[in-house]
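Engineer: What follows is a single structure, and I will ask about it in a moment.
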Amino acid sequence: MNHLTNEADIEDLRPGHVIILPSSFQGSPRAMQQNYQDAMAIIRKYGKPDLFITFTCNPTWREIEEQLFPSQAPSDRPDLITRIFKLKLNELIDDIFKKHI
Numbered sequence: 003m004n005h006l007t008n009e010a011d012i013e014d015l016r017p018g019h020v021i022i023l024p025s026s027f028q029g030s031p032r033a034m035q036q037n038y039q040d041a042m043a044i045i046r047k048y049g050k051p052d053l054f055i056t057f058t059c060n061p062t063w064r065e066i067e068e069q070l071f072p073s074q075a076p077s078d079r080p081d082l083i084t085r086i087f088k089l090k091l092n093e094l095i096d097d098i099f100k101k102h103i
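If you're matching positions, the sequence shown starts at 3 in my numbering and goes up one per residue.
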């Protein structure tokens, strides 16, 4: 703590300066409050949700492994992972809204 105080004295700063992060800074209290307010506005307009569905990506999906070179890991190809995830997510959304599954 003395080091910080000494550095602050050299730079003519007051330690403990308050910095308020904007809501655009992900994870900040303001961002969380903004997300909460947005969610409440959606509920006011459309009503309470009936389902809460999560969808995650598995890097060992067959479609992903088929596109990788032998020396590649899924983490080497975030573009591939994202593209296949988006395709599968679109299939899930079609199943829910068009096929009423």
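Note that CB positions come from ideal geometry on N, CA and C, so glycine has one too. For clarity, every value in this text was computed on a predicted model and none was experimentally measured.
According to DSSP, is residue 79 helix, strand or coil?
Structural biologist: Numbered from its first residue, the sequence shown carries residue 79 at position 77. Correct three-state label for residue 79: coil.
Engineer: In terms of alpha-carbon separation, which member of 102, 55 and 80 lies closest to residue 66?
Structural biologist: For this step, residue 66 is matched to residue 64 along the sequence shown. For residue 66, the nearest C-alpha among the options comes from 80.
Engineer: Applying the 10 Å Cβ sphere with the 16-neighbour rule, what's the burial state of residue 86?
Structural biologist: Counting from 1 along the sequence shown, the entry for residue 86 is found at position 84. Label assigned to residue 86: buried.
Engineer: Determine the extent of the alpha helix (DSSP H) in which residue 74 is found, giving its start and end residues.
Structural biologist: Mapped onto the sequence shown, residue 74 falls at position 72. Looking at the DSSP string, residue 74 is not in any alpha helix (DSSP H), and its letter there is neither H nor E.
Engineer: Count the C-beta pairs between the segment 83-101 and the segment 51-60 that are closer than 8 Å, then say yes if the count reaches three, no if not.
Structural biologist: The segment 83-101 is in contact with the segment 51-60.
Engineer: Reducing DSSP to helix, strand and coil, say where residue 23 ends up.
Structural biologist: Taking the first residue of the sequence shown as 1, we reach residue 23 at position 21. Of the three classes helix, strand and coil, the one that applies to residue 23 here is coil, per DSSP.
Engineer: Quick one: what's got a C-beta closer than 7 Å to residue 69's C-beta in the same chain, skipping five residues either side?
Structural biologist: Translated into the one-based positions of the sequence shown, residue 69 becomes position 67. 82, listed in sequence order.
Engineer: Can you name, in chain order, every residue of its own chain whose Cβ lies under 6 Å from the Cβ of residue 45, other than the five neighbours on each side?
Structural biologist: Along the sequence shown, one-based indexing puts residue 45 at 43. The answer is none, since no qualifying residue turns up.
Engineer: In the structure shown, what three-state DSSP assignment does residue 89 receive?
Structural biologist: Residue mapping note: residue 89 aligns to position 87 of the sequence shown, counting from 1. Helix at residue 89.
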